[in-house]
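Following the numbering used here, the numbering of the sequence shown begins with 5 at its first residue and continues without gaps. Backbone N, C-alpha and C define an ideal beta-carbon position, used for all residues, glycine too. These notes are about the structure you will find just below.
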Amino acid sequence: MDLVPYIYFERQQQDNLCAQYALNSLLQGQYFNAVDLADIAQQLDRQERVIEGSGRPKVSQNYDDSGYFSIQVIQKALGIWGLDLIPWKSKEMEEARTQPTEQLAYICHLRNHWFTLRKFSKNYRWYNLDSTQPKPTYLSEEYLNTILQQIEDENYSIFVVKGHMNDSKADIKAKELPKPAGVPAPKFHPFTGKGYSLKSSSQVDVEDEDALLAKAIAASLEPQGVKDDMEKIRLKRLERFGGLK
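Below, the structure is given as structure tokens:
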């Protein structure tokens, strides 16, 4: 029996609300909307203006009219739920990188797109909840390792979700279902055309958490003018993660 019908999933339409979809897919419910996240972004803007003074540009560095939100907004939103984001390549995650399936979930970012990889109760029940897909995609334990390595090679910022999440409807159902057998891995295509890395997850370059977070913030605040056409990106991701046949 498939777990997908029990998974809460928001699919991206002609908008840029992927941060909202990534958060709600992680939390498994419609807990945040664009207005909620914009309120958080405005609070952060006010705090930053107090710290940096009146010379700071009035244009928000935390959100824009398209519905895009920065990493600070996502961190603040998750903080309401007692959750935190830790950079995957930080020293704090050095031991965790040897056991990626033991984590709760991952939130990933590249080129103004956020998406979630989430576990449902069992280490063998991982799903890709990227909102550009038609539906959630099952990830085996082995394939989770592969996809984390590949998106890291493609310069995604990867964050581990730390804290406690109450069981969702899908988590409860996952405990009742047997381990999937003979499920083929989704068709996998590199998003950037880069070659596969031969590094293991234990051989990644370790950086200070603050330095990694600073890089992620800079990437999440990248000007909108540099991003590719969203429809092309959507189609590439669909192909890469098995959404296109």
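Quiz item: Based on the DSSP secondary-structure assignment, which residues constitute the bridge partners of LEU89?
Solution: Position 85 of the sequence shown, counted from the start, is the residue given in the question as residue 89. In DSSP, LEU89 forms a bridge with VAL165.
Quiz item: Taking buried to mean at least 16 other C-beta atoms within 10 Å of its own C-beta, is VAL63 buried or exposed?
Solution: Locating residue 63 in the sequence shown gives position 59, where the first residue counts as 1. Counting Cβ neighbours within 10 Å, VAL63 comes out exposed, since fewer than 16 surround it.
Practice problem: Could you tell me whether the stretch 122 to 130 touches the stretch 63 to 78, using the rule of 3 or more Cβ pairs below 8 Å? | Solution: no
Quiz item: From ALA26 to LEU133, what distance separates their C-alpha atoms?
Solution: In the sequence shown, residue 26 corresponds to position 22, counting from 1. In the sequence shown, residue 133 corresponds to position 129, counting from 1. For ALA26 and LEU133, the distance between alpha carbons rounds to 7 Å.
Practice problem: Specify the secondary structure class of THR102 as computed by DSSP and reduced to three states. | Solution: Translated into the one-based positions of the sequence shown, residue 102 becomes position 98. Of the three classes helix, strand and coil, the one that applies to THR102 here is helix, per DSSP.
Quiz item: When the distance is taken between beta carbons, is ILE55 closer than 8 Å to PRO140?
Solution: Within the sequence shown, the letter at position 136 stands for residue 140. Within the sequence shown, the letter at position 51 stands for residue 55. Not in contact: PRO140 and ILE55 (Cβ atoms no closer than 8 Å).
Quiz item: Are there 16 or more other CB atoms within 10 angstroms of the CB of GLN18, so buried, or fewer, so exposed?
Solution: On the sequence shown, residue 18 is found 14 positions in, with the first residue counted as 1. GLN18 should be labelled exposed.
Quiz item: Which residues mark the beginning and the end of the beta strand (DSSP E) in which ILE109 is found?
Solution: Against the sequence shown, residue 109 aligns to sequence position 105. Looking at the sequence itself, residue 109 is Ala, so the reference to Ile does not match. Start and end: 109 to 114.
Quiz item: Going along the chain, which residues of its own chain have a beta-carbon closer than 7 Å to the beta-carbon of ASP49, five neighbours each way excluded?
Solution: Taking the first residue of the sequence shown as position 1, residue 49 is located at position 45. The residues are SER64 and ASN66.
Practice problem: Could you check the C-alpha separation between PRO138 and PRO104 for me, to the nearest Å? | Solution: Residue 138 sits at position 134 when you count from the first residue of the sequence shown. Residue 104 sits at position 100 when you count from the first residue of the sequence shown. Each residue's Cα considered, the two are about 25 Å apart.
Quiz item: Around the C-beta of VAL81, are 16 or more other C-beta atoms found within 10 angstroms, so that it is buried, or is it exposed?
Solution: For the purposes of this step, residue 81 is taken as residue 77 along the sequence shown, with counting starting at 1. The question names Val, but residue 81 in the sequence shown is Ala. Classification of ALA81: buried, given that the 10 Å Cβ count is 16 or more.
Exercise. Look up ILE12 in the DSSP assignment and say whether it is helix, strand or coil.
Key: Here the question's residue 12 lines up with position 8 in the sequence shown. According to the sequence provided, residue 12 is Tyr. The question's Ile does not apply to it. DSSP places TYR12 in coil when its eight states are reduced to three.
Quiz prompt | Residues near THR196 by beta carbon distance below 7 Å, same chain, minus five either side | solution = Taking the sequence shown and counting its residues from 1, the one referred to as residue 196 is at position 192. Low confidence applies here, because THR196 scores a pLDDT of 35, under 50, leaving its location unreliable; read the following figure in that light. Only GLU158 meet the Cβ criterion.
Quiz item: So GLN24 and ALA38 are in contact, right, with Cβ under 8 Å, and what is the actual spacing, rounded?
Solution: The sequence position of residue 24 within the sequence shown is 20, counting from 1. The sequence position of residue 38 within the sequence shown is 34, counting from 1. GLN24 to ALA38, Cβ: 6 Å. Contact.
Quiz prompt | Cβ pair HIS113, SER161 closer than 8 Å | solution = Along the sequence shown, one-based indexing puts residue 113 at 109. Along the sequence shown, one-based indexing puts residue 161 at 157. Result yes, Cβ atoms of HIS113 and SER161 sit closer than 8 Å.
Exercise. In the DSSP assignment, find the unbroken alpha helix (DSSP H) run with LEU4 in it and report its ends.
Key: In the structure as shown, the chain begins at 5 and stops at 249. Residue 4 is therefore absent and cannot be evaluated.
Exercise. Using the DSSP secondary-structure output, state which residues sit across from PHE119 in a beta bridge.
Key: Taking the first residue of the sequence shown as position 1, residue 119 is located at position 115. Answer is CYS112.
Quiz item: What are the start and end residues of the alpha helix (DSSP H) that includes TYR147?
Solution: Locating residue 147 in the sequence shown gives position 143, where the first residue counts as 1. Note, TYR147: alpha helix (DSSP H), 145 to 157.
Self-check item: Closest Cα partner of ASN116 within the set LEU30, TYR72 and GLN34
Solution: Position 112 of the sequence shown holds residue 116. Of the candidates LEU30, TYR72 and GLN34, the residue whose Cα lies closest to the Cα of ASN116 is TYR72.
Exercise. Verify whether the separation of the beta carbon atoms of ALA100 and VAL165 is less than 8 Å.
Key: Position 96 of the sequence shown, counted from the first residue, corresponds to residue 100. Position 161 of the sequence shown, counted from the first residue, corresponds to residue 165. Inclusion of ALA100 and VAL165 in the CB contact set at 8 Å is not warranted, their separation being larger than that value.
Practice problem: Could you check how far apart the C-beta atoms of TYR131 and LYS183 are, in whole angstroms? I think they sit under 8 Å. | Solution: Counted from its first residue, the sequence shown places residue 131 at position 127. Counted from its first residue, the sequence shown places residue 183 at position 179. Actually they do not touch by this definition, with Cβ atoms about 14 Å apart.
Quiz prompt | Per DSSP, cross-strand counterpart(s) of ASN132 | solution = On the sequence shown, residue 132 is found 128 positions in, with the first residue counted as 1. LEU121 and THR141, per the DSSP bridge assignment.
Quiz item: Under the three-state reduction of DSSP, which class applies to TYR67: helix, strand or coil?
Solution: Taking the first residue of the sequence shown as position 1, residue 67 is located at position 63. It is a strand residue.
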